[in-house]
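Here is the structure we will look at, set down as structure tokens.
2 protein chains.
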Amino acid sequence: MKPYVLIVEDEDALATLLEYNFGKEGFETALAMDGEEALLLASERTPDLILLDWMLPKLSGVEVCRRLRRRKETSKTPVIMLTARSDETDRITGLDFGADDYMIKPFSMPELFARTRALMRRAKPSLLEDIIRIGDIEVDSQAFRVKRDGELIHLGPTEFRLLDHFARHPGRVFSREQLLDAVWGRDVYVEARTVDVHIGRLRKALKRPGKSDPIRTVRSAGYAFEGVE
Amino acid sequence: MKPYVLIVEDEDALATLLEYNFGKEGFETALAMDGEEALLLASERTPDLILLDWMLPKLSGVEVCRRLRRRKETSKTPVIMLTARSDETDRITGLDFGADDYMIKPFSMPELFARTRALMRRAKPSLLEDIIRIGDIEVDSQAFRVKRDGELIHLGPTEFRLLDHFARHPGRVFSREQLLDAVWGRDVYVEARTVDVHIGRLRKALKRPGKSDPIRTVRSAGYAFEGVE
DNA sequence: GAGGTCCGTGACAAGTTTGTGAAAGAAACA
DNA sequence: TGTTTCTTTCACAAACTTGTCACGGACCTC
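Taken in sequence, the protein lines are chains G and X. Numbering-wise (my numbering), the first sequence opens with residue 158 and increments by one. Numbering-wise (my numbering), the second sequence opens with residue 158 and increments by one.
Structure follows, in structure tokens:
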């Protein structure tokens with residue numbers, strides 16, 4: 158489950174360079190060549206970070222950023238503006254209308270990665286870590302293992318992805334449909350109730366006599382995972 | 158309540174300048190002259206943002222940042238490093254060990270404020286989440302929870318939506334029809350008196366022996382929700 | 001203070017949502 | 001290929017919600 162970066166850049170050379178480098182660095186990427194496409198792609202799948210060119214066809218970077226901020230899903234997504242301009246006024250404007258950082262072209266890749274990691278760590282610390290700890294449970298999504306007190310817990314692949322998803326969004330309530338999208342995949346037809354069965358199995362696997370259930374059922378809404386207090 | 162900024166800077170002139178400017182800009186400030194004092198002040202009251210000099214007596218800025226990140230309260234507090242060095246390696250190190258941004262001295266105040274605002278805008282809502290507080294009651298519409306004094310209050314879905322609606326419009330009187338529209342939905346046929354029953358159930362759930370009823374009945378008009386004084 | 005209107009609430013039946021064991025395929029593995 | 005594990009669906013029970021009603025009390029008007 159790689160972090161997903163949306164690159165919005167109309168210069169072919171730079172776009173390719175960015176895609177190549179981010180791919181190599183372990184990110185999943187998507188490329189939008191203009192502002193409208195950027196908004197479309199961002200709504201199709203919420204990116205974990207957006208690289209946004211200042212000058213764009215159709216919609217300017219400023220306007221794209223403003224609209225992204227208005228949408229609930231992307232209101233907190235980190236945005237790094239890429240700008241050729243260098244005067245201070247523009248920079249401030251860039252930050253003030255909702256971008257989180259900016260880079261002035263030409264910039265160095267290592268620095269861009271550093272800023273990317275810094276912003277991602279803030280927005281979703283769990284994205285960059287291989288091992289996610291939640292409560293007393295350790296989820297190692299690289300090694301596909303789950304541990305508690307050093308004890309391995311065996312899970313089926315689907316249960317694992319389900320737990321992994323929950324662990325990355327602790328406390329948040331997901332509807333069955335959202336879980337199907339995130340864990341099973343966007344275009345798989347599976348009964349919503351199937352989620353219940355897997356939740357049940359996950360619960361059984363994580364259950365411990367004394368402790369309370371880390372998975373909370375939110376009646377008529379879905380499920381949420383919360384570390385045991 | 159003003160945002161609280163911790164300034165960690167050992168150069169007298171710059172420290173004073175920062176305190177003065179941030180004060181003028183509407184921030185509450187505290188000043189630490191070395192790394193140890195910084196950690197002490199940060200633990201006394203969690204800042205909303207930290208300005209951290211790279212070179213410090215006793216503990217370096219890097220080390221201070223690292224330790225701040227280890228503490229639960231400050232693990233997500235935005236940190237802006239102030240550095241005199243300008244070579245790229247240092248910058249990256251700075252961002253990679255946990256700082257959110259950096260400024261190279263000498264920097265411009267307007268730009269520092271822009272970055273400050275950008276980071277705070279990101280950090281603040283995450284601290285407050287989508288929790289509405291009304292009186293002593295907390296309504297978390299993201300997590301579908303209601304709390305008072307840390308105690309969870311269980312509500313059925315309809316009661317929850319009802320409370321949520323009230324919490325978003327404190328003090329306002331709603332007719333039964335308005336409540337049906339807002340909570341049940343525009344096109345649901347339900348008796349107006351049903352609202353009464355749910356109000357009753359909500360009251361029972363929120364009731365506390367000593368305190369007064371937060372829901373006010375407005376005879377022949379409807380109901381209003383008011384925090385308890 | 002009589003009569004009418006409005007409101008609070010316990011009871012309850014109907015409806016909805018969730019938990020779960022079992023069964024039948026699918027898929028992985030060896 | 002045969003075995004084992006995993007996934008999906010189904011069916012049913014259990015748990016929980018909900019809308020309505022009926023009754024009694026509160027309040028208002030004249």
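Quick reminder that beta carbons are idealized off the backbone N, C-alpha and C, glycines included.
Chain X within 8 Å of R376 of chain G, Cβ atoms only: yes
Distance between F331 of chain X and A271 of chain G (C-alpha atoms, nearest Å): 52 Å
Rounded separation between K159 of chain G and F179 of chain G - CA only: 11 Å
Burial state of G218 of chain G, where buried means 16 or more other Cβ atoms lie within 10 Å: buried
C-beta neighbour in chain X for V330 of chain G, strict 8 Å: yes
Same chain, Cβ closer than 7 Å to K215 of chain X, neighbours up to 5 away in sequence not counted: D191, G192 and E193
Interface flag, R279 of chain G vs chain X, CB-CB below 8 Å: yes
Inter-residue CB distance, I261 of chain G and T240 of chain G (contact presumed, cutoff 8 Å): 6 Å
Integer Cβ distance of L387 of chain G from I310 of chain G, believed to fall under 8 Å: Residue coverage of chain G in this structure runs from 158 to 386, which leaves residue 387 of chain G outside it and unanswerable.
Run of the alpha helix (DSSP H) containing G357 of chain X, from where it starts to where it stops: R350 to L363
For I289 of chain G and R325 of chain G, the rounded distance between their alpha carbons: 7 Å
Which residues DSSP lists as bridging A189 of chain X, in chain order: X:V165
M277 of chain X to A195 of chain X span [Cα, whole Å]: 19 Å
For F382 of chain X, three-class secondary structure by DSSP: strand
contact_flag[the stretch 313–325 of chain G, the stretch 344–361 of chain G] where n(CB pairs < 8 Å) is 3 or more: yes
Three-state secondary structure (DSSP) of V303 of chain G: strand
Cβ-Cβ distance between V345 of chain G and L320 of chain G below 8 Å: no
Beta-carbon gap between G328 of chain G and A381 of chain G smaller than 8 Å: yes
In chain order, each beta strand (DSSP E) run of at least 3 residues that lies wholly inside the stretch 200–232 of chain G: 206–210
Interfacial residues, the stretch 348–376 of chain G to chain X, with Cβ spacing under 8 Å: V375 and R376
Where Y346 of chain X falls: helix, strand or coil (DSSP): coil
Residues that DSSP places opposite R333 of chain G in a beta bridge: Looking at the DSSP assignment, R333 of chain G forms no beta bridge with any residue, so it has no partner.
Reduced DSSP secondary structure (H/G/I, E/B, other) of D370 of chain G: coil
Short CB-CB distance (under 8 Å) between P160 of chain X and chain G: no
Residue nearest to A189 of chain G in terms of C-alpha spacing, selected from G:D205, G:T203 and G:A172: G:A172
Opposing strand residues paired with R404 of chain X [DSSP bridges]: Missing from the structure shown is residue 404 of chain X; chain X here goes from 158 to 386 and no further.
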